[in-house]
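Take 9 as the starting number for the sequence shown in my numbering and just add one per residue. Just so it is clear, CB atoms sit at the ideal spot from N, CA and C, and this is done for glycine as well. To start, the structure itself, in structure tokens.
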Amino acid sequence: MDYKDLANAIFPDAKDITYYEEKYPERNLKEGAIVTRFAPSPTGFVHIGGLYQSLIARKLANQTEGVFLLRIEDTDQKREVENGITDIVQSLDRFGIEPDEGMISETEGKGNYGPYRQSMRKEIYQSYAKYLIEQGKAYPCFCTPEELEEMRAKQEAAKIRPGYYGVWAKCRNITVEEAIEKINNGENYIVRFKSPGREDRKIKHHDVIKGNVDFPENDQDIVIIKADGLPTYHFAHAVDDHLMRTTHVIRGDEWLSSVPLHLQLFHELGFKPPKYAHIAPIMKNDNGNKRKLSKRKDPEAAVSYYDEMGIPKEAVNEYLLNIANSNFENWRRANKDKSIDEFELQLNKMSVSGALFDMVKLLDVGKTVISKFTAEEVYENAFHWAKTYDKELEEMLKDKEYALKIFGIERGNKKPRKDIAKWSDVKENIEYMYDDKFLAKEQEYPYQVIHEKEDVDKILDLYMEKYYNENDDKQQWFDKIKELAGELGYAKEVKEYKANPDAYKAHVGDVSTVLRVALTGRTNTPDMYEIMQVLGKESMKKRFEVAKKK
Ligand code: GLU
């Protein structure tokens with residue numbers, strides 16, 4: 009009896025691997041095209057780090073006319089949640105990341121290299137496991153969990169490296185006859201890789217991001233097929249990335265130390281290894297300590313957070329590119345109006361250690377991004393967000409024509425307004441433009457230099473009676489405020505006032521402030537001329553009346 013008999017006893021029905029090699033041929037892509045993937049487990053939580061990896065992968069595939077695919081790694085069925093795949097697909101979609109191939113729902117995929125869900129690829133893994141067993145490169149292991157635990161305890165007590173290797177790899181030396189007999193007797197087993205490695209030898213590896221690294225060889229006989237017939241991550245990685253013809257494995261750097269094992273698996277399986285690019289995690293500054301963004305402690309670790317806050321996807325994507333490549337910032341400065349698609353991302357320019365996540369900076373990017381939106385775009389986005397997260401805002405935005413006027417204030421010009429960082433800012437930002445909201449609230453009216461009731465009332469009355477005309481252009485409008493100031497004995501020009509401060513109680517700017525505060529309850533607003541145009545005379549009158557009653 010030989011290894012072939014053993015392989016047949018374990019996987020009698022598995023197809024010959026040539027079937028799969030032919031079914032998933034080399035891809036016919038242009039020289040230099042990158043084939044890469046995002047390979048999450050459907051645990052019900054999409055981490056911002058996953059989005060970061062996908063964005064990078066998607067972009068590199070685009071830049072090289074390659075392929076980006078979404079593979080679902082669900083071999084650990086204990087960790088799975090309902091609709092976990094849909095959640096991942098939708099999260100990517102919300103950020104504008106569309107894979108060329110991969111799962112598109114819980115059960116369906118698109119592309120010729122599928123299935124793209126590992127639990128649907130059981131037979132494929134078994135064929136390759138059989139192939140290894142046939143060559144004596146993998147074997148069944150009959151050790152019980154208790155035996156393995158006992159072994160671990162012994163290793164620990166003797167302070168020796170833990171694991172299933174060398175003399176500890178008990179089942180490695182079981183003869184084919186003995187193994188077949190145990191299998192026929194119905195004993196439980198799993199399949200292990202027979203590692204050809206030696207711990208005292210080193211391998212050299214070049215990582216696209218981390219550069220040159222040395223590791224001891226792998227000598228662990230790791231499990232490749234578990235008791236449930238599904239593969240472990242390591243084995244599935246080798247088989248899938250080979251058959252999906254991945255050229256670049258872009259993944260989190262927690263996998264860097266597995267590279268010796270992975271290279272060994274590729275080698276023993278007769279596969280050409282991919283290039284590896286290990287991305288450092290996104291870090292957070294926690295009271296001076298740098299640590300990974302944590303699912304448990306940091307709400308911003310979840311991509312759903314950005315949705316809830318209404319941070320536009322354009323801002324998140326732009327910010328992530330910012331932390332991916334340090335030259336992005338300069339590029340943006342030189343190319344203010346270009347789409348981020350035009351930025352040439354380079355893997356080898358990614359930082360070796362983790363970039364710091366900075367919410368203030370992200371919101372700042374948000375302000376710039378939104379300032380470039382048209383009023384219509386602001387409207388559509390804010391309305392869409394409000395439908396899910398803010399009923400009151402949704403109600404306010406139902407009068408689209410009016411909302412567009414508000415969003416049009418100081419927009420589309422050279423220096424557009426930059427006061428909205430996220431959609432959840434909108435309500436607070438525009439509320440005062442709605443009579444029913446503004447007048448329903450007790451306003452504070454923070455008048456400044458001119459604040460005596462008598463002076464304020466005089467300005468408001470005279471302005472309405474004599475100076476305000478809705479048909480004035482901006483220059484006429486401003487000239488009128490100057491005249492009003494003059495008539496009431498204030499300086500018509502700030503210059504005049506500064507030259508002779510004792511001659512005046514205040515100046516034209518202070519008069520403007522009175523109008524602004526009476527109209528909006530705020531000292532700081534976008535352009536007052538435009539605000540008046542949007543509010544219209546009737547609303548202004550009402551507002552002045554209410555202000556005068558204070
Ligand atoms: N399923 C693995 C994870 O979520 C994928 C790692 C990889 O990209 O190979 O960490």
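| query | result |
| --- | --- |
| So, with DSSP's three-state summary, where would you put C151? | coil |
| T528: buried (16+ other C-beta within 10 angstroms of its C-beta) or exposed? | buried |
| DSSP three-state call for Y136: helix, strand or coil? | helix |
| Rounding to the nearest angstrom, what Cα-Cα distance links Y133 and C179 in this structure? | 21 Å |
| Quick one, which of K549, S547, K545 and S520 has its alpha-carbon nearest D535's? | S520 |
| Would you tell me roughly how many angstroms separate the C-alpha atoms of A41 and Q126, rounded to the nearest one? | 25 Å |
| Where do the ends of the alpha helix (DSSP H) carrying V54 lie? | Here V54 belongs to no alpha helix (DSSP H), and DSSP marks it neither H nor E. |
| In the DSSP output, what is T240 paired with across the bridge? | T240 is not bridged to any residue. |
| Relative to the alpha-carbon of K101, which residue among I198, Y453, S62 and S203 has its alpha-carbon at the smallest distance? | Here the sequence assigns Asp to residue 101, which means Lys is not the residue at that position. Comparing Cα-Cα distances from D101 to each of I198, Y453, S62 and S203, the minimum goes to S62. |
| Thinking just about the alpha-carbon of each residue, which of E81, M441 and S265 is nearest to the one in A285? | S265 |
| Taking 8 Å as the cut-off, does the segment 202 to 222 touch the segment 41 to 55 (at least 3 CB pairs, one atom from each stretch)? | no |
| Kindly provide the ranges of any alpha helix (DSSP H) runs that are 4 or more residues long and lie completely inside the segment 244 to 292, ordered along the chain. | 267 to 277 |
| Output yes if chain D places a C-beta closer than 8 Å to the C-beta of G92; else output no. | Looking for chain D here will not work: only one protein chain is present. |
| Leaving out five residues before and five after T152 in sequence, what residues of the same chain have Cβ atoms less than 8 Å from its Cβ? | N196 |
| In its own chain, which residues sit with a C-beta less than 7 Å from the C-beta of E142, not counting the 5 before and 5 after it? | Y11, K12 and A15 |
| Could you compute how far the alpha carbon of K435 sits from the alpha carbon of L401? | 6 Å |
| Would you give the residue range spanned by the beta strand (DSSP E) that R299 belongs to? | N297 to K300 |
| With DSSP as the reference, label T531 as helix, strand or coil. | coil |
| Any heavy atom of the ligand GLU closer than 7 Å to the Cβ of P48? | yes |
| So, with DSSP's three-state summary, where would you put F103? | coil |
| State the beta-bridge partners of Q228 as determined by DSSP. | Y173 |
| If we require 4 or more residues per run, which alpha helix (DSSP H) segments fall completely within the segment 469 to 556? | 482 to 495, 502 to 507 and 516 to 528 |
| The ligand GLU and G260: does any heavy atom of the ligand fall closer than 7 Å to the residue's C-beta? | yes |
| Just to confirm, does E81 get its C-beta within under 7 Å of one of the non-hydrogen atoms of the ligand GLU? | yes |
| Do G219 and I290 have their C-beta atoms closer together than 8 Å? | no |
| Classify H270: buried if its beta carbon has 16 or more other beta carbons within 10 angstroms, exposed otherwise. | buried |
| Please state whether DSSP places F336 in a helix, a strand or coil. | helix |
| Considering G374, what are the terminal residues of the alpha helix (DSSP H) in which it resides? | M367 to S379 |
| From which residue to which residue does the alpha helix (DSSP H) around K395 run? | A383 to Y397 |
| Do G296 and D227 count as a contact pair if the criterion is CB distance below 8 Å? | no |
| Does the segment 23 to 41 come close enough to the segment 235 to 242 that 3 or more CB-CB pairs lie under 8 Å? | no |
| DSSP has F46 in a bridge; who is on the other side? | L78 |
| What are the boundary residues of the beta strand (DSSP E) that includes D215? | K210 to D215 |
| Under DSSP, the alpha helix (DSSP H) around F19 begins and ends at which residues? | Where F19 is concerned, there is no enclosing alpha helix (DSSP H), given that its DSSP letter is neither H nor E. |
| Give the C-beta separation of L140 and L355 to the nearest angstrom, bearing in mind that I take them to be a contact with Cβ-Cβ under 8 Å. | The Cβ separation is near 31 Å, so there is no contact. |
| Kindly list the residues whose CB is nearer than 6 Å to the CB of L371, restricted to its own chain and excluding five residues on each side of it in sequence; keep chain order. | A429 |
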